[in-house]
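Engineer: 238 is the number of the first residue of the sequence shown in this note's numbering; add one for each residue after it.
For glycine and all other residues, C-beta sits at the position ideal for the given N, C-alpha and C.
Please see the structure below; I have some questions.
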Amino acid sequence: MNWIEGITLFGVLITLCVAVGNWITTNRNLKTSKYIDTITSERIKWLSTVRNEVAELITNVEFALRKMQWNIAGKDPDYLQWEIDRLDSIDRQIEEMQSADIQVGVDMNIKKWSEIDYITRLRLLQLRFNPNEDRKIIQSIEFFIDFFSHTEIHQNSLETARKHVNIIIDETQTMLKSEWEKVKKESLGKRNK
Numbered sequence: 238m239n240w241i242e243g244i245t246l247f248g249v250l251i252t253l254c255v256a257v258g259n260w261i262t263t264n265r266n267l268k269t270s271k272y273i274d275t276i277t278s279e280r281i282k283w284l285s286t287v288r289n290e291v292a293e294l295i296t297n298v299e300f301a302l303r304k305m306q307w308n309i310a311g312k313d314p315d316y317l318q319w320e321i322d323r324l325d326s327i328d329r330q331i332e333e334m335q336s337a338d339i340q341v342g343v344d345m346n347i348k349k350w351s352e353i354d355y356i357t358r359l360r361l362l363q364l365r366f367n368p369n370e371d372r373k374i375i376q377s378i379e380f381f382i383d384f385f386s387h388t389e390i391h392q393n394s395l396e397t398a399r400k401h402v403n404i405i406i407d408e409t410q411t412m413l414k415s416e417w418e419k420v421k422k423e424s425l426g427k428r429n430k
């Protein structure tokens, strides 16, 4: 073998080593990228689920608080009749819209929640939060679990409940924003690699 064949063989070996090295690096980066994609997509799903569950829960809690307030305050029957008539009017409008094949963002099959429904949904939502980072939200959820476990409600507990509704809303908004920033950083980090 002459020196030209030796240099050629050396060049081929170097090229082979570089190709194997590139293959290993590419494979490792691909696994990391898939991992980041999975984490990011699951975080986005989780954010959407939490946002929807909190919105549904808070809406139902606020309606329950309003009804409890009426029961405690012994609202004027005329006012209650006016409220019932107003709600019946809204129901008729929704039915008319649906009969006209217009999409409405209201589920006509909605059933009223029982105390067990509230407690079950509160517990499920509680499990979605981080006990270290989301302590205020969890404390407010625990308040409502206790609140819906009692049969007798007083004016003071309604006022406290309204404060906890605001805590859940404010803290959830902060948490969702923070988590969304993490999603953006994960996506940005993936593009820079």
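Secondary structure at residue 371, three-state DSSP: helix, strand or coil?
Structural biologist: Residue numbering aside, residue 371 sits at position 134 when the sequence shown is read from its first letter. Of the three classes helix, strand and coil, the one that applies to residue 371 here is coil, per DSSP.
Engineer: Would a C-beta distance cut-off of 8 Å place residue 362 and residue 294 closer than the cut-off?
Structural biologist: Looking up residue 362 in the sequence shown gives position 125. Looking up residue 294 in the sequence shown gives position 57. Yes, they are a contact pair.
Engineer: Given a cut-off of 8 Å on the beta-carbon distance, is the pair residue 372 and residue 302 in contact?
Structural biologist: In the sequence shown, the residue the question calls residue 372 occupies position 135. In the sequence shown, the residue the question calls residue 302 occupies position 65. Contact: no.
Engineer: What number of angstroms, rounded off, separates the C-alpha of residue 287 from the C-alpha of residue 405?
Structural biologist: The residue labelled residue 287 in the question sits at position 50 within the sequence shown. The residue labelled residue 405 in the question sits at position 168 within the sequence shown. Going from the Cα of residue 287 to the Cα of residue 405 covers about 12 Å.
Engineer: Quick one, are the C-beta atoms of residue 277 and residue 423 less than 8 Å apart?
Structural biologist: Counting from one through the sequence shown, the residue named residue 277 turns up at place 40. Counting from one through the sequence shown, the residue named residue 423 turns up at place 186. Contact: yes.
Engineer: Quick one: what does DSSP say residue 239 is sitting in, helix, strand or coil?
Structural biologist: Taking the first residue of the sequence shown as 1, we reach residue 239 at position 2. Coil, per DSSP.
Engineer: Use the C-beta contact count for residue 247: other C-beta atoms within 10 angstroms, 16 or more gives buried, fewer gives exposed.
Structural biologist: Here the question's residue 247 lines up with position 10 in the sequence shown. Per the 10 Å Cβ criterion, exposed.
Engineer: Expressed to the nearest angstrom, what Euclidean distance is found between the alpha-carbon atoms of residue 392 and residue 308?
Structural biologist: Here residue 392 corresponds to residue number 155 of the sequence shown, with the count starting at 1. Here residue 308 corresponds to residue number 71 of the sequence shown, with the count starting at 1. Each residue's Cα considered, the two are about 10 Å apart.
Engineer: Taking the Cβ atom as the reference point for each residue, do residue 385 and residue 352 lie within a distance shorter than 8 Å?
Structural biologist: Translated into the one-based positions of the sequence shown, residue 385 becomes position 148. Translated into the one-based positions of the sequence shown, residue 352 becomes position 115. Yes, the pair counts as a contact, with Cβ atoms nearer than the cut-off.
Engineer: Rounding to the nearest angstrom, what Cα-Cα distance links residue 360 and residue 290 in this structure?
Structural biologist: Position 123 of the sequence shown, counted from the start, is the residue given in the question as residue 360. Position 53 of the sequence shown, counted from the start, is the residue given in the question as residue 290. Cα-Cα distance, rounded: 12 Å.
Engineer: Residue 374: which of 397, 349, 409 and 383 sits nearest, CA to CA?
Structural biologist: As a working note, residue 374 is residue 137 in the sequence shown. Ranking the options by Cα distance to residue 374, first place goes to 409.
Engineer: Could you have a look at residue 389 and say whether DSSP puts it in helix, strand or coil?
Structural biologist: Along the sequence shown, one-based indexing puts residue 389 at 152. Here residue 389 sits in coil by DSSP.
Engineer: Excluding the five sequence neighbours on either side, which residues of its own chain have a C-beta within less than 7 Å of the C-beta of residue 337, listed in chain order?
Structural biologist: As a position in the sequence shown, residue 337 is number 100, starting the count at 1. Interpretation of residue 337 is limited by its pLDDT of 49, a score under 50 that renders its predicted location unreliable; no figure is taken from the coordinates.
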